[in-house]
Amino acid sequence: MKLLVIGEARDGELRNVTFEAVAAAKRIDSDAEIVGVLCGSNDLSEAGQEVIYHGADRVVTVTHDNLKAYTSEGYSQAVMAVIEDESPDGIVMGHTAIGKDLTPKLAAKLETGLISDTTDIENDGDKAVFIRPIYSGKAFEKKVITSGLTFVTIRPNNIPALERDDSLSGEVTAKEVDIKDIKTVIKDVIRKASEGVDLSEANVIIAGGRGVKSAEGFEPLHELADVLGGAVGASRGACDAEYCDYSLQIGQTGKVVTPDLYIAVGISGAIQHLAGMSNSKVIVAINKDPEANIFNVADYGIVGDVFEVIPKLTDELKQT
Ligand code: FAD
Numbered sequence: 001m002k003l004l005v006i007g008e009a010r011d012g013e014l015r016n017v018t019f020e021a022v023a024a025a026k027r028i029d030s031d032a033e034i035v036g037v038l039c040g041s042n043d044l045s046e047a048g049q050e051v052i053y054h055g056a057d058r059v060v061t062v063t064h065d066n067l068k069a070y071t072s073e074g075y076s077q078a079v080m081a082v083i084e085d086e087s088p089d090g091i092v093m094g095h096t097a098i099g100k101d102l103t104p105k106l107a108a109k110l111e112t113g114l115i116s117d118t119t120d121i122e123n124d125g126d127k128a129v130f131i132r133p134i135y136s137g138k139a140f141e142k143k144v145i146t147s148g149l150t151f152v153t154i155r156p157n158n159i160p161a162l163e164r165d166d167s168l169s170g171e172v173t174a175k176e177v178d179i180k181d182i183k184t185v186i187k188d189v190i191r192k193a194s195e196g197v198d199l200s201e202a203n204v205i206i207a208g209g210r211g212v213k214s215a216e217g218f219e220p221l222h223e224l225a226d227v228l229g230g231a232v233g234a235s236r237g238a239c240d241a242e243y244c245d246y247s248l249q250i251g252q253t254g255k256v257v258t259p260d261l262y263i264a265v266g267i268s269g270a271i272q273h274l275a276g277m278s279n280s281k282v283i284v285a286i287n288k289d290p291e292a293n294i295f296n297v298a299d300y301g302i303v304g305d306v307f308e309v310i311p312k313l314t315d316e317l318k319q320t
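In structure tokens form, the structure reads like this:
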């Protein structure tokens, strides 16, 4: 079996989900040949080597000026050319903004299947079983591939990457593809939030809700996030109230996150919010209402006022 893994970089750095996708490919078939695919406008040989250190057998890179920023036209031409060359049995990618855009487009073009937002892969005899949440995370379904090339996207932070092993070796080859007819011109990329840690890959998230009361009320959350090396997120309630930018929104219509630690601060726990965070490994809820629904999904709950609890928690953690 041959599996392609489409990698992703941000600001020249490979995103961790690339390595997680390699680990996912290994789970699909531990004997499969795993071929990484990287697209961009600069030399990708070092990045390619990094993908090999994380378990890929070899890497194909496509560089072109028209691949500087992601466009579905540009990347689909590049990846399609590699697919035509390699004739893989399956293709794995992160369930990221790019993965969600690119994989359905390619799957439709190739008239093939797509299993999206996979959170786990098990093995049932010789078949890989893909597990993915449905109904806003209330249930999980199991899928198997019965025939043909299939795309699989994996939710970031769910399938751990393999440990980097510098002794692994493989070839990084450059493929020439003429990327043309690009109708979308990216003039600038403006990042509004998550200056430090990327929300979708953060191991620790401190999320504020309407209970935080104001934009200034978010300041202590940023301080706590700095102490824990985490990122700040928000409920839609907080975004609607203009306490923070919509790029921080977590939930059904926001980002889906799976950090090791999720601290929900002044968030009631509406089903649409839970859809984006209930798979977090450890959930801590801070809310003054003991009946708040968020406590039903929390591993640890603190009934109290945000403005008293957060500074105390931050001070305590600073001592450790
Ligand atoms: P509230 O529900 O108002 O809760 C505020 C909480 O803060 C309360 O529990 C209160 O007890 C507590 N509180 C108040 N003061 C304090 C204090 N001083 N100390 C401690 N606790 C305090 N929501 C999302 O989050 N993400 C989504 O992606 C999303 N998508 C949606 C999609 C659709 C189609 C719809 C209809 C809704 C969606 N929503 C989403 C909105 C969702 O239904 C809720 O309205 C929203 O999550 C509520 O935000 P909240 O918990 O911050 O506010």
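Numbering of the sequence shown is given in UniProt numbering, commencing with residue 1 and proceeding in unit increments. Ideal Cβ positions, reconstructed from N, Cα and C, are used throughout, including at glycine. Here the structure is a predicted model, which is why all the values come from computation and not from measurement.
Assigned with DSSP and collapsed to three states, Lys-143 falls in strand.
Straight across, the Cα-Cα distance linking Val-303 with Ala-78 is about 53 Å.
By the Cβ test, the segment 199-213 is in contact with the segment 246-257, since at least three Cβ pairs between them sit closer than 8 Å. The segment 87-104 makes contact with the segment 150-161; the number of CB pairs closer than 8 Å reaches 3 or more. The beta-bridge partner set that DSSP reports for Lys-255 consists of Ile-250. For a cut-off of 8 Å, the C-beta gap from Leu-199 to Ala-231 is around 5 Å, short enough to register as a contact. One Cα belongs to Leu-317, the other to Leu-221, and the distance between them is close to 13 Å. Sixteen is the threshold: since fewer than 16 other Cβ atoms of the shown chains lie within 10 Å of the Cβ of Val-144, the residue is exposed. Per the coordinates, the alpha-carbon of Asn-279 lies some 20 Å from the alpha-carbon of Leu-228. Met-93 sits in a strand when the DSSP states are folded into three classes.
By DSSP's assignment, Val-204 forms a beta bridge with Leu-261.
Under the Cβ criterion (8 Å, minimum of three pairs), the segment 106-117 does not count as touching the segment 242-254. Fully enclosed alpha helix (DSSP H) runs of no fewer than 4 residues occupy 45-53 of the segment 35-64, in order along the chain.
Secondary structure of Thr-71 (DSSP, three-state): coil. The criterion of a C-beta distance shorter than 9 Å is not satisfied by Ile-286 and Ala-270. Here DSSP, grouped into helix, strand and coil, assigns Pro-220 to helix. In the displayed model, Ala-270 falls within coil according to three-state DSSP, outside both helix and strand. In terms of Cβ geometry, Gly-48 and Val-22 do not form a close pair [threshold 9 Å]. Note that the C-beta distance between Val-51 and Val-17 is not below 9 Å. Closest option to Thr-184, judged by alpha-carbon separation, among Ile-34, Ile-310 and Tyr-70: Tyr-70.
Proximity to Ile-267 across Pro-311, Phe-218 and Ser-247 peaks at Phe-218, based on C-alpha coordinates.
A distance of 9 Å or more separates the beta carbons of Thr-61 and Gly-74.
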